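According to this note's numbering, the sequence shown is numbered sequentially starting from 81.
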Amino acid sequence: MPSGEIRVGVSSIGQVLGYTNNWFKRIVGSPSKKPKALQSLGFTGEVETVLIEGTREPQEVQTISLEDFERLLHYGVLNGKKPALAFLISKATVCFLEALRCTTVEGVNQSFELYELDFYAWTQQQAEFLQHKKWSCLDVPNLVEEIESLGKQQRQELRNRLGILLGHLLKWEFQPSHRSKSWLATIREQRRQVLRLLKESPSLQPYLLEAMEDGYQSALNLAVSETPLDYEDFPQECSYSSGQVLDPQFLPTQQPKTDEA
């Protein structure tokens with residue numbers, strides 16, 4: 081555990097623990113009134129009023145041990161109090177950061193700053209923390225958010241690519257006299273990208289039919305906007321099977337249609 085002390089803004093401690101500022105100020109100096117969450121952190125020391133560099137108004141601060149500060153950071157991370165935690169470790173609320181030896185303080189502080197300022201650097205930092213098993217340094221709330229977002233992005237990409245693919249299959253089928261190398265290239269490329277997605281993320285396979293259904297609405301919009309045809313000229317539901325859509329050799333109505341007199 082790190083040793084030493086750190087002076088922290090009283091209001092920021094209250095925010096991390098989820099208490100209102102005024103109520104927290106009343107109980108912070110009274111051991112008998114401290115809630116369990118606060119007692120477990122073992123806060124001691126007098127509350128002082130100081131003017132912190134970079135602020136206009138004096139701030140109430142309390143001296144706590146680095147061990148308690150580390151536990152406070154753990155509490156904030158585990159309970160998803162990202163805004164409050166960022167407030168806690170900001171320059172405006174931490175007076176003396178004698179915690180350079182405390183990897184938890186250093187890591188979490190950098191994580192919150194990097195996530196907002198340089199996303200790529202943040203990903204590399206989190207990867208390094210994982211590789212070296214620095215669990216307490218991980219930016220847990222943002223990691224959870226990004227992992228969930230990544231799965232959603234995969235689904236969204238699948239829907240979007242199917243929409244473009246199905247739209248061009250409709251154009252190919254219902255506008256035979258306008259077929260072009262450009263349409264064919266788009267069909268092949270979107271089909272290739274869909275197959276790539278399914279190969280890299282096999283768990284998307286059960287979602288394929290739903291994605292085709294959602295993507296077909298975009299396909300209709302594309303076909304109507306890029307041809308002289310109207311919505312009623314196309315099937316209102318996708319008439320292609322998933323096998324046909326993924327088949328590199330499949331093109332609807334291979335031969336151009338001839339107009340009948």
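For each residue, glycine too, the CB sits at the ideal point set by N, CA and C. Given the structure is predicted, the values throughout are model-derived calculations rather than measurements.
Identify whether Pro308 lies in helix, strand or coil by the three-state DSSP scheme. Counted from its first residue, the sequence shown places residue 308 at position 228. In this structure, Pro308 counts as coil in the three-state DSSP scheme.
Nearest-angstrom Cα separation, counted from Glu228 out to Leu218: Walking along the sequence shown from the start, residue 218 turns up at place 138. Walking along the sequence shown from the start, residue 228 turns up at place 148. So the two alpha carbons sit approximately 16 Å from each other.
Mapping the DSSP letters down to three states, classify Thr266 as helix, strand or coil. For the purposes of this step, residue 266 is taken as residue 186 along the sequence shown, with counting starting at 1. DSSP places Thr266 in helix when its eight states are reduced to three.
Between the Cα of Leu230 and the Cα atoms of Leu300, Leu284, Val304, Ser305, which residue gives the shortest distance? For the purposes of this step, residue 230 is identified with residue 150 of the sequence shown, where counting begins at 1. Among Leu300, Leu284, Val304, Ser305, the Cα nearest to that of Leu230 is on Leu284.
Residue closest to Asp327, alpha-carbon to alpha-carbon, out of Ser262, Lys213, Ile267, Lys232: In the sequence shown, the residue the question calls residue 327 occupies position 247. Nearest of Ser262, Lys213, Ile267, Lys232 to Asp327, Cα basis: Ile267.
Taking Leu288 and Ser322 to be in contact with their CB atoms under 8 Å, please state how far apart those CB atoms are, rounded to whole angstroms. Here residue 288 refers to the residue found at position 208 of the sequence shown. Here residue 322 refers to the residue found at position 242 of the sequence shown. About 6 Å; that satisfies the 8 Å criterion.
Using the Cβ count rule (16 or more neighbours within 10 Å means buried), how would you classify Pro315? On the sequence shown, residue 315 is found 235 positions in, with the first residue counted as 1. With fewer than 16 Cβ atoms within 10 Å of its Cβ, Pro315 is classed as exposed.
Which of helix, strand or coil DSSP assigns to Pro332: Taking the first residue of the sequence shown as 1, we reach residue 332 at position 252. The answer is coil: DSSP assigns Pro332 none of H, G, I, E or B.
With a Cβ-Cβ cutoff of 8 Å, do Glu253 and Pro332 count as a contact? On the sequence shown, residue 253 is found 173 positions in, with the first residue counted as 1. On the sequence shown, residue 332 is found 252 positions in, with the first residue counted as 1. A contact, by the Cβ cut-off of 8 Å.
Do you know offhand how far Glu293's Cα is from Glu317's? Here residue 293 refers to the residue found at position 213 when the sequence shown is read from its first residue. Here residue 317 refers to the residue found at position 237 when the sequence shown is read from its first residue. The straight-line gap from Cα to Cα measures roughly 8 Å.
Shortest alpha-carbon distance to Gln233 belongs to which of Pro308, His212, Ser281, Lys213? For the purposes of this step, residue 233 is taken as the residue at position 153 of the sequence shown. The shortest Cα separation from Gln233 among Pro308, His212, Ser281, Lys213 belongs to Ser281.
Quick one: what does DSSP say Trp215 is sitting in, helix, strand or coil? Counting from one through the sequence shown, the residue named residue 215 turns up at place 135. DSSP places Trp215 in helix when its eight states are reduced to three.
Contact check, Ala291 vs Arg235, beta carbons under 8 Å: Numbered from 1 along the sequence shown, position 211 holds the residue referred to as residue 291. Numbered from 1 along the sequence shown, position 155 holds the residue referred to as residue 235. Yes. Within cutoff.
Which whole-angstrom value is the C-beta distance of Leu246 and Gly295, which I expect to be below 8 Å? Along the sequence shown, read from residue 1 onward, the residue named residue 246 stands at position 166. Along the sequence shown, read from residue 1 onward, the residue named residue 295 stands at position 215. Rounded, the Cβ-Cβ distance is 6 Å, consistent with contact.
Which residue from Arg276, Glu312, Thr203 puts its Cα closest to that of Leu242? Taking the sequence shown and counting its residues from 1, the one referred to as residue 242 is at position 162. Residue Arg276 is the option with its Cα nearest to Leu242.
Our contact map puts Tyr311 next to Leu300 with C-beta atoms below 8 Å; I'd like the distance itself, whole angstroms only. Locating residue 311 in the sequence shown gives position 231, counting from the first residue. Locating residue 300 in the sequence shown gives position 220, counting from the first residue. At roughly 6 Å, the Cβ-Cβ gap stays under 8 Å, so Tyr311 and Leu300 are in contact.
Could you give the uninterrupted runs of the alpha helix (DSSP H) lying entirely in the region 230-302, keeping only those of 4 residues or more? 261-280
Could you say which of Gln206, Leu278, Asp313 lies nearest to Pro221 if we only look at CA atoms? Indexing the sequence shown from 1 puts residue 221 at position 141. Ranking Gln206, Leu278, Asp313 by Cα distance to Pro221 puts Gln206 first.
Note the first and the last residue of the continuous alpha helix (DSSP H) segment covering Gln324. Here residue 324 refers to the residue found at position 244 when the sequence shown is read from its first residue. Looking at the DSSP string, the run of the alpha helix (DSSP H) that includes Gln324 is 322-326.
Can you check which of these residues, His248, Leu197, Glu237, is closest to Ser260 by C-alpha distance? As a working mapping, residue 260 is identified with position 180 in the sequence shown. The shortest Cα separation from Ser260 among His248, Leu197, Glu237 belongs to His248.
Skipping 5 residues on each side, what residues in its chain have a beta carbon closer than 8 Å to that of Asn240? Position 160 of the sequence shown, counting from 1, holds the residue named residue 240. Correct list, in chain order: Gly295, Ser298.
From Glu269 to Lys214, what does the alpha carbon distance come to, in whole angstroms? As a working mapping, residue 269 is identified with position 189 in the sequence shown. As a working mapping, residue 214 is identified with position 134 in the sequence shown. Computed Cα separation, rounded: 42 Å.
Val274 vs Leu238 beta-carbon contact at 8 Å: Within the sequence shown, the letter at position 194 stands for residue 274. Within the sequence shown, the letter at position 158 stands for residue 238. Yes; because the gap between Cβ atoms is below 8 Å, this pair is in contact.
Considering only the alpha carbon of each residue, which of His212, Glu196, Ser262 lies closest to Glu226? Walking along the sequence shown from the start, residue 226 turns up at place 146. The shortest Cα separation from Glu226 among His212, Glu196, Ser262 belongs to Glu196.
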